[in-house]
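Chemist:
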């Protein structure tokens, strides 16, 4: 069944008539995603290569049966677009837009969380379930179908690792880019929880970065709640100590945030950590081989 | 077990050192309610006839194990007091304060609702479970223990009806005054749902008033979801048509709001409606007799 | 607290909602001066806190200042549904191409603010709601989400406003009306009609604005708008006037209303009723008795008190104090006391031994006695 | 965007948080004039976007204007952790009875703002957190609830502030700091120390204020505060400087960091790295190459691009255009292209036939080649 997007996805692209929205919306459709509508206020009644455009998401839901939204709306209008989708009854919102003001997401996050909505992003590459649906900007051609779940804070690094897996003949159930903003709709844990429950996923690769303590928290979750093996890659082993956000920043997370510290924390929870994309792909191949 | 307050209630009185808070807090304790703490900022460390006073609700929870709060704080600080209680982990908040600004409750309501907190009021007489606990300003001496649940929008009218029941030898499981403000923490339906689930309640009396459509909605709930008999009294049969809140008001509720219209709507859902407090008490006596 | 049209428009103006220029006038002379100052045709509008003033002749177009003076003379002093016109709003006349309707109100049932918008404004909105419900767009705002721009878009596209120039202006008005609603602690803000001029300008031609009394402490500027002449404190105290001969005083709105019902139920005719509220001190009782006895039809008075936060002994003392201050010898007063300190209250009254005080034990018996005494 | 102390204090002042009077000075003469204008003893404070300036000699008390001039001479030009002092804040000296600490910051993990308050201010707050964690009160604010007065009470009573006069002032500062945090779209606002004077006045003696770059469009006044001299656009573009000889350019922070790791992994020494971001046009590539080659240690350059929203053909054209504009003949450039339009990008580079461009098929091979070329 894969997670988040699949054959049941009925996609509305918010901002379909913009250049990015059009380019990726049509690419997503070409991949096989069921793109049922676009929304651009003032352009209701038009169409983009046969995809009907509505003025509001409410119409895209009532007229075209949309259940998932892809947000390509410019940063200063993006959170408004997410609220609109949520209140129109959309259950899954994937926001690609970068540079969204952090305070807007801070207020929006508990709201849509309270409504039981799944949100991915903003500032993320989207979600791809190979062979089923691609929602976002992930270049689908480098991935193949398979049973490895992939979740990542970083866009291009996700492609790199997916590519390395593909070179080794390994495919993915779903690839999720959660985005790197201060407040994102879904955390590593949210996605890991779904992979754990997904029949088509046998193993998960978590791709992290230096900074914060999201990876450490996810490791605790893996240890306590997951039966499937999780492997990880952390970028930034050679990075110099980063700028801290004032003194308060360091105290808050309670983590040094370095790649080495994360590696150690993850390994303490039974998660193997590779030091390069190539190495983690090889480790996955070994584990997948052992399970096959 | 009764509902909302009972022998497990560990009460903190917010505003215990004020004149009303002190008078009713002590009365509630004299009745047998387990009053474990008071809160008045700046008076932490004092006590009111042996009840310890704290500066914050958080301390009342951690130091005295409070699980229920009674709010006697002046109107302009009352909603702040409710937030403080909710965020300190209090599960049941009963707010007596009247004249609370409606917009404050409008914003607070979905917040504490989302946290799973039970709130009664504001602008209500409180909750009394005879023989167990009295939280608020209900004169407990006019009620006796029994199996009749009583829920009402009006304070003194509740006393009148409870008194009439007592005169006929009928007692109550719990008496709940939900309050008459535009936004109250618990609706008729919320309380009816609890009475339906309560082992000690056999029958429920719902005391309504003209205006709005809360009684009609509750009637629909009774018809669809309740197995226990519900009887009702509606005040205002002789009232002249009230002032409507502009034209918008009448459209919103979709109800004429008159007592006669409410009576008909309730009867259509199988709820007997008395036209005076005495009559409804007699009807209850007959039903209770039939069930005994 | 209901605001007059001109007060509501003043608030609209502060929040940036376009309104026409106007002046307040309380005499025909002031109306003339206002019209002169404004220039061109004006509309002379009765300021009353009730609807239907147009049909009642309370709104008239005047082409010249002299005409405005004459129309002001006609309108001042009119009785519109019991409201006597004492103030006029003299406003520059607007050309009207279209009339829309926009409001935001407290939806008690949903516990959320509700926007309503239709392009079929200018008429009674109930009529649109009934005859053409699809033309009326209703949209709740979740208070946790607050106002977001999409709300305006849903209203505008939902109602079928096609002109981008109108869309832009209405979107801005929708947002400002929401701000006015929240920041003024309003229970209702309504614009009917919201007009579009032939030049495409959108503005509020009328205003209905109700502010939460409980939040007035935050809005001294709005609290000052209260019309103390129109709002006699005693009048506001007396909740409702009926048409009979038994004056009723209860504590709490529910019990007071119920007392009216019971008086009617036993064959009596309630004259009016008032609610002592949580109080019951001498001051409150004196005010209540003054209001009740203002009505010349009143023959007997029924105090029906169930003490909770109100203490019966205090009410008893209040009644006795009131009898010292007012001459109540013409009125038999039935008093029923129950609840908090009822025993003490009854004893106080018994010890006073006033001949026109009739204690009764129950609400029903009290009602019967009061009805019987009214018929004497 | 980090603000200087004096800029943060200007925002504090706008939100009503008490600060001392002061003046900006960029020369000793201006410092003298400022001290003269302020009167009495002043503190001369280096304005740098880093901590530890006190220990570095960047903060000095001056009794007279002449003394302020001398101290300004000492401090201007100081290098504090790589930041050269070019501005001074001359502030009226405050008598200090107590030093507290108050901050509100973005807690990414909890996805909520976090208040921290302690009466043990003036020192590094990490130290308090470590040595005396109970003295540091931490309290999240739920964004759906917003700021409520009890939050200030929890902080104040939790930290054990007993003086009612202090309590009142701090409660007001807490609320204003929250407003400043939200309304300025801040990621962090910190007052350390928050002092109490011997007279009992509470005020902010320092300020740390970081504003979300993504929200600057809403705050043109804050955006204008950016120090364009200190913030060389090329410098901000280059994310990190390391100490080796391979210059690295990736697209996306994750892939760029990972490329650094891989270069190190194959035995190389990364010199620096920059992130092309979502772009990849000629302008971006020129900027990247300028930054990379500013470092005289750089011997080879590695472009590691995995196209997504970035298209590899565009990057290839960008590299060629950059070679036309900059003299890059001294640098071997290893280019690895994969993902969106990678074939086209590789073909473009191949057809250009530049002798110093070395295409490689994988990240690992690219890293090896770049390291090998740096060693030549």
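Residue numbers (my numbering), protein chains in the order written: chain A, 1028 to 1319; chain B, 1028 to 1319; chain C, 3 to 378; chain D, 3 to 378. In this text, a Cβ means the ideal position worked out from N, Cα and C, and glycines have one as well.
1) With 7 angstroms as the threshold, decide whether the Cβ of residue 1241 of chain B is near any Cβ in chain D.
2) For residue 1062 of chain B and residue 1108 of chain B, I'd like the C-alpha separation in whole angstroms.
3) Give me the Cα-Cα distance between residue 1141 of chain B and residue 1141 of chain A, rounded to the nearest whole angstrom.
4) Would a check of beta-carbon distances place residue 260 of chain D closer than 7 angstroms to chain A?
5) Assuming residue 277 of chain C contacts residue 255 of chain C under a Cβ cut-off of 8 angstroms, what Cβ separation, rounded to an integer in Å, is found between them?
6) Counting only beta-carbon atoms, is residue 1313 of chain A nearer than 7 angstroms to chain D?
7) Should residue 1081 of chain A be labelled buried (16 or more other beta-carbon atoms within 10 Å of its own) or exposed?
8) When you compare only the Cα positions, how much space is there between residue 1213 of chain B and residue 1153 of chain B?
9) Can you check whether the CB of residue 1179 of chain A is closer than 7 angstroms to the CB of residue 1234 of chain A?
10) CB-CB under 6 angstroms to residue 142 of chain D, same chain, minus the five flanking residues each way: which ones, in chain order?
11) Determine the contact status of residue 1098 of chain B and residue 1064 of chain B, defining contact as a CB-CB distance below 7 angstroms.
12) Does DSSP put residue 1046 of chain B in a helix, a strand or coil?
13) Could you tell me the alpha carbon to alpha carbon distance between residue 1231 of chain A and residue 1312 of chain A, rounded to whole angstroms?
14) Quick check: residue 1183 of chain B and residue 90 of chain C, are their CB atoms within less than 7 angstroms of each other?
15) Closer than 8 angstroms, Cβ to any Cβ of chain D: which residues of the segment 1075–1094 of chain A, in chain order?
16) Apart from the five residues just before and just after residue 138 of chain D, which ones in its own chain have a Cβ nearer than 7 angstroms to its Cβ?
17) Applying a beta-carbon distance threshold of less than 7 angstroms, which residues of chain A neighbour residue 264 of chain D?
18) Can you tell me which of the three DSSP states residue 101 of chain C falls into?
19) Only counting runs of 4 or more residues, tell me where the alpha helix (DSSP H) segments fall wholly within the segment 256–299 of chain C, in order along the chain.
20) Measure the beta-carbon distance from residue 1162 of chain B to residue 1121 of chain B and round it to whole angstroms, keeping in mind my assumption that it falls under 8 angstroms.
21) For residue 299 of chain D, which residues from the same chain have a beta carbon less than 6 angstroms from its beta carbon, with the 5 sequence-adjacent residues on both sides left out?
22) Taking 7 angstroms as the threshold (C-beta atoms), are residue 1265 of chain B and residue 1228 of chain B in contact?
23) Taking only beta carbons into account, state which residues of the segment 149–180 of chain C come closer than 8 angstroms to chain A, listed in chain order.
24) Please work out which residues of its chain come closer than 6 angstroms, Cβ to Cβ, to residue 1156 of chain A, disregarding the five sequence neighbours upstream and downstream, and give them in chain order.
25) So for residue 1310 of chain B, helix, strand or coil by DSSP?
26) In its own chain, which residues sit with a C-beta less than 6 angstroms from the C-beta of residue 271 of chain C, not counting the 5 before and 5 after it?
27) For residue 1069 of chain A, go through chain C and note every residue whose CB falls closer than 7 angstroms to its CB, in chain order.
28) Output, in sequence order along the chain, the residues in the segment 1133–1146 of chain B whose CB is closer than 7 angstroms to any CB in chain F.
29) Quick one: grab the DSSP three-state call for residue 1296 of chain A.
30) When we look at the beta-carbon of residue 1100 of chain A and count the other beta-carbons within 10 Å, is it buried (16 or more) or exposed?
31) For the segment 1178–1196 of chain A, enumerate the residues whose C-beta is nearer than 7 angstroms to any C-beta of chain C, in chain order.
32) Just curious, the alpha helix (DSSP H) that residue 1062 of chain A is in, first and last residue?
33) Helix, strand or coil for residue 1028 of chain B per DSSP?
34) Starting from the Cα of residue 65 of chain D, find the closest Cα among D:78, D:88 and D:38 and give me that residue.
35) Given a cut-off of 7 angstroms, decide if residue 191 of chain C and residue 4 of chain C are closer than it, judged by their beta-carbon atoms.
36) Identify the continuous alpha helix (DSSP H) that holds residue 1188 of chain B and give its terminal residues.
Modeler: Quick look at the numbers:
1) As a working note, residue 1241 of chain B is residue 214 in the second chain. Not an interface residue.
2) In the second chain, residue 1062 of chain B corresponds to position 35, counting from 1. In the second chain, residue 1108 of chain B corresponds to position 81, counting from 1. Residue 1062 of chain B and residue 1108 of chain B: Cα-Cα distance of roughly 18 angstroms.
3) Position 114 of the second chain holds residue 1141 of chain B. Position 114 of the first chain holds residue 1141 of chain A. Their Cα atoms are separated by approximately 7 angstroms.
4) Mapped onto the fourth chain, residue 260 of chain D falls at position 258. Residue 260 of chain D counts as touching chain A.
5) One-based indexing of the third chain puts residue 277 of chain C at position 275. One-based indexing of the third chain puts residue 255 of chain C at position 253. About 5 angstroms separates the two Cβ atoms, so the contact holds.
6) Taking the first chain and counting its residues from 1, the one referred to as residue 1313 of chain A is at position 286. It does not: the Cβ of residue 1313 of chain A has no partner Cβ on chain D nearer than 7 angstroms.
7) Residue 1081 of chain A sits at position 54 when you count from the first residue of the first chain. Buried, because 16 or more other Cβ atoms sit within 10 Å of the Cβ of residue 1081 of chain A.
8) In the second chain, counting from the first residue as 1, residue 1213 of chain B sits at position 186. In the second chain, counting from the first residue as 1, residue 1153 of chain B sits at position 126. When rounded, the distance between both Cα atoms is 12 angstroms.
9) Sequence index remark: in the first chain, residue 1234 of chain A carries index 207 (1-based). Sequence index remark: in the first chain, residue 1179 of chain A carries index 152 (1-based). The beta carbons of residue 1234 of chain A and residue 1179 of chain A sit closer together than 7 angstroms.
10) Position 140 of the fourth chain, counting from 1, holds the residue named residue 142 of chain D. Cβ within range, chain order: 112, 114 and 116.
11) The residue labelled residue 1098 of chain B in the question sits at position 71 within the second chain. The residue labelled residue 1064 of chain B in the question sits at position 37 within the second chain. For the 7 angstroms CB-CB criterion, residue 1098 of chain B and residue 1064 of chain B do not form a contact.
12) Counting from 1 along the second chain, the entry for residue 1046 of chain B is found at position 19. Here DSSP, grouped into helix, strand and coil, assigns residue 1046 of chain B to helix.
13) For the purposes of this step, residue 1231 of chain A is identified with residue 204 of the first chain, where counting begins at 1. For the purposes of this step, residue 1312 of chain A is identified with residue 285 of the first chain, where counting begins at 1. The straight-line gap from Cα to Cα measures roughly 12 angstroms.
14) Counting from 1 along the second chain, the entry for residue 1183 of chain B is found at position 156. Counting from 1 along the third chain, the entry for residue 90 of chain C is found at position 88. No, the Cβ-Cβ distance between residue 1183 of chain B and residue 90 of chain C is not below 7 angstroms.
15) In summary, no residue of the segment 1075–1094 of chain A has a CB separated from any CB of chain D by less than 8 angstroms.
16) As a position in the fourth chain, residue 138 of chain D is number 136, starting the count at 1. Closer than 7 angstroms at the Cβ level, and outside the excluded window around residue 138 of chain D, lie 118, 120, 130 and 131.
17) Within the fourth chain, the letter at position 262 stands for residue 264 of chain D. Close to residue 264 of chain D, with beta-carbon spacing below 7 angstroms, are these residues of chain A in chain order: 1303.
18) Along the third chain, read from residue 1 onward, the residue named residue 101 of chain C stands at position 99. Three-state result, residue 101 of chain C: strand.
19) If we require 4 residues or more, the alpha helix (DSSP H) runs fully inside the segment 256–299 of chain C come out as 284–296.
20) Along the second chain, one-based indexing puts residue 1162 of chain B at 135. Along the second chain, one-based indexing puts residue 1121 of chain B at 94. With a Cβ gap of about 5 angstroms, residue 1162 of chain B and residue 1121 of chain B count as contacting.
21) The sequence position of residue 299 of chain D within the fourth chain is 297, counting from 1. Hits under 6 angstroms: 247 and 273.
22) By 1-based counting over the second chain, the position of residue 1228 of chain B is 201. By 1-based counting over the second chain, the position of residue 1265 of chain B is 238. Not closer than 7 angstroms, so no.
23) 150, 151, 152, 155, 156, 159, 160, 166 and 169
24) Taking the first chain and counting its residues from 1, the one referred to as residue 1156 of chain A is at position 129. Its chain contains 1029, 1032, 1033 and 1201 as the residues whose beta carbon lies nearer than 6 angstroms to that of residue 1156 of chain A, once the 5 sequence neighbours on both sides are disregarded; these appear in chain order.
25) Here residue 1310 of chain B refers to the residue found at position 283 when the second chain is read from its first residue. Residue 1310 of chain B: helix per DSSP, three-state reduction.
26) Indexing the third chain from 1 puts residue 271 of chain C at position 269. Result list for residue 271 of chain C: 246 and 247, in chain order.
27) Position 42 of the first chain, counted from the first residue, corresponds to residue 1069 of chain A. Simply 166.
28) Within the model displayed, chain F is absent; protein chains A, B, C and D are what it includes.
29) Residue numbering aside, residue 1296 of chain A sits at position 269 when the first chain is read from its first letter. Residue state, collapsed to three classes: coil.
30) Stepping through the first chain from its first residue, residue 1100 of chain A is reached at position 73. It counts as buried.
31) none
32) Numbered from its first residue, the first chain carries residue 1062 of chain A at position 35. First-last for residue 1062 of chain A: 1062–1066, but that is the beta strand (DSSP E), not the alpha helix (DSSP H).
33) Position 1 of the second chain, counting from 1, holds the residue named residue 1028 of chain B. Correct three-state label for residue 1028 of chain B: coil.
34) Taking the fourth chain and counting its residues from 1, one reaches residue 65 of chain D at position 63. Looking at the Cα atoms, D:38 is the closest of the given residues.
35) What you label residue 4 of chain C is simply residue 2 of the third chain in a count that begins at 1. What you label residue 191 of chain C is simply residue 189 of the third chain in a count that begins at 1. No.
36) Counted from its first residue, the second chain places residue 1188 of chain B at position 161. Here the alpha helix (DSSP H) through residue 1188 of chain B covers 1182–1194.
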